[in-house]
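Chemist: Following this message is one structure expressed as structure tokens.
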Amino acid sequence: MPSSQTAHPRERADRCPGVIRTWPADDGMLARIRLVGGRIAPDALRALSSIAATYGDGRVHPTSRANLQLRGLPGGGERLDEEVVRAIAAAGLLPSRAHDLVRNIMLSPLTGRAGGRADLWPVASRLDLLVLASARLADLPGKFLFVLDDGRGDLVGRAADLGVVALDERVGQLRVGSGWGEIVDLADAPEALVALAHSFLDARGSDGSSAWHVDELAAPLLPATAPDHRVPKPAAPLPFGRVPGGFHHGAYDDGLDQSAVDALTATLPPGITAPLVVTPWRGVLVPDEASAPPSPESGAAADPAARATTPTDQRPR
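The numbers in the UniProt record's numbering rise by one with no breaks, and the one at position 305 of the sequence shown is 305.
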């Protein structure tokens, strides 16, 4: 992954939608709900499906950044009706209005369940907490993306502004735009990434032509560093169907209607305490009971009947 630094003055601020600032599409307002690492509790997914049915087009739409979108919502300008905002917040999906646009953290979906060199869920969770704790980081562009690959290579080929790739169970190498940074203890990676995010804000300025991405800065954030020999080659996308650690349902290019959400969540075995995971391939990973790590958020079940297929659509959304 060679480094390329190209200054790219922007003609405007980015307009990436969220919940507080939405996009006025032809069919109504489009709202994007950020999910750290794609995680969502079954109850929250049901609530979002109900919101879509009540106010929007009736579907919940996965994105290639492992987030969810709602379409056809009421509002005007770039704002949703406040009633819809309150409903999304009540589902636990808007922890900070100020940071609505910037909780962009993509993570290997199976990390901590099956495969990979390290469990990066704690890294993602800590990174999210640090972002939320910083008033200044609310100024990051809505398109600014953290990408965390647990060493299996499923996300190492994804464009990132900042990130980390696990080299073993203890250390990882930082990603800085299309280049590489230092090797750090994984426990220290969240603080290192937040420090780099602050450096990005220092370097980008604050006018309408400010960079949206690290690679658009006029000068690199860090001196060029070679990738460690343990950095994995990019791996194929997680296939749809039965996978180690769960079942990957998809692809939901047209979104999930209420019947699809009900099918994903209605047969959850008792005692499962793991979230569903929206994946970067517009699917939903339902963890197996035996492989699901403890979490207070939720749980899931697998459907053994479906056939495994490989997602190929990598369009950014």
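Backbone N, C-alpha and C fix where the C-beta goes; we use that ideal spot for every residue, glycine too.
#1: Hey, residue 37 and residue 142 are a contact pair by Cβ (cut 8 Å); roughly how many whole angstroms apart?
#2: Could you check what DSSP says for residue 248 in three-state terms: helix, strand or coil?
#3: Tell me where the beta strand (DSSP E) around residue 275 begins and ends.
#4: According to the neighbour-count rule (16 or more other Cβ atoms, all chains shown, within 10 Å of its Cβ), is residue 216 buried or exposed?
#5: Find out if the Cβ-Cβ distance for the pair residue 152, residue 280 is shorter than 8 Å.
#6: For the beta strand (DSSP E) containing residue 140, list its first residue and its last residue.
#7: Could you tell me the boundaries of the beta strand (DSSP E) in which residue 240 lies?
#8: Given a cut-off of 8 Å on the beta-carbon distance, is the pair residue 282 and residue 241 in contact?
#9: On the CB-based measure, 16 or more other CB atoms within 10 Å of its CB, does residue 22 come out buried or exposed?
#10: What is the DSSP secondary structure of residue 31, counted as helix, strand or coil?
#11: Give a yes or no on whether the C-beta atoms belonging to residue 201 and residue 257 are separated by under 8 Å.
#12: Could you please give the first and the last residue of the uninterrupted alpha helix (DSSP H) stretch that includes residue 149?
#13: Between the Cα of residue 146 and the Cα atoms of 115, 136 and 102, which residue gives the shortest distance?
#14: Can you give the Cα-Cα distance for residue 15 and residue 30, rounded to whole angstroms?
#15: Compare the Cα-Cα distances from residue 227 to each of 235, 206, 197 and 181 and report the closest residue.
#16: Near residue 128, what residues of its chain come up, given a Cβ to Cβ distance below 8 Å and the 5 sequence neighbours on each side ignored?
#17: Got a sec, what are the start and stop residues for the alpha helix (DSSP H) residue 94 sits in?
#18: Between the Cα of residue 149 and those of 171, 45 and 108, spot the shortest distance and give me the residue it belongs to.
#19: Tell me which same chain residues have a C-beta within less than 7 Å of the C-beta of residue 196, skipping the five on either side of it?
Modeler: Working from what's here:
#1: Position 37 of the sequence shown, counted from the first residue, corresponds to residue 37. Position 142 of the sequence shown, counted from the first residue, corresponds to residue 142. So it is not a contact: roughly 18 Å between Cβ atoms.
#2: Residue 248 sits at position 248 when you count from the first residue of the sequence shown. It is a strand residue.
#3: The count along the sequence shown starts at 1 and reaches residue 275 at position 275. Counting along the chain, residue 275 falls outside any beta strand (DSSP E), and DSSP gives it neither H nor E.
#4: Position 216 of the sequence shown, counted from the start, is the residue given in the question as residue 216. Residue 216 should be labelled buried.
#5: Taking the first residue of the sequence shown as 1, we reach residue 152 at position 152. Taking the first residue of the sequence shown as 1, we reach residue 280 at position 280. Not closer than 8 Å, so no.
#6: As a position in the sequence shown, residue 140 is number 140, starting the count at 1. No beta strand (DSSP E) holds residue 140; DSSP gives it neither H nor E.
#7: Taking the sequence shown and counting its residues from 1, the one referred to as residue 240 is at position 240. No beta strand (DSSP E) holds residue 240; DSSP gives it neither H nor E.
#8: Against the sequence shown, residue 282 aligns to sequence position 282. Against the sequence shown, residue 241 aligns to sequence position 241. Contact: no.
#9: Here residue 22 is taken as the residue at index 22 of the sequence shown, counted from 1. Buried, by the Cβ-count rule.
#10: Numbered from 1 along the sequence shown, position 31 holds the residue referred to as residue 31. In the structure shown, the three-state DSSP call for residue 31 is strand.
#11: Counted from its first residue, the sequence shown places residue 201 at position 201. Counted from its first residue, the sequence shown places residue 257 at position 257. No, the Cβ-Cβ distance between residue 201 and residue 257 is not below 8 Å.
#12: Numbered from its first residue, the sequence shown carries residue 149 at position 149. Taken as a continuous stretch (DSSP letters only), residue 149 belongs to no alpha helix (DSSP H), being part of the beta strand (DSSP E) at 146-149.
#13: Along the sequence shown, one-based indexing puts residue 146 at 146. Among 115, 136 and 102, the Cα nearest to that of residue 146 belongs to 102.
#14: Here the question's residue 15 lines up with position 15 in the sequence shown. Here the question's residue 30 lines up with position 30 in the sequence shown. Approximately 12 Å, taken between the alpha carbons.
#15: The residue labelled residue 227 in the question sits at position 227 within the sequence shown. Answer by Cα proximity: 181.
#16: As a position in the sequence shown, residue 128 is number 128, starting the count at 1. In its chain, beyond the 5 residues on either side, 36, 103 and 105 have a beta carbon closer than 8 Å to the beta carbon of residue 128.
#17: In the sequence shown, counting from the first residue as 1, residue 94 sits at position 94. It is not in any alpha helix (DSSP H) - residue 94 carries neither H nor E in the DSSP assignment.
#18: Translated into positions along the sequence shown, residue 149 becomes position 149. Considering only alpha carbons, the answer is 108.
#19: By one-based count along the sequence shown, residue 196 stands at place 196. Excluding sequence neighbours, residue 196 sits near 162, 176 and 221.
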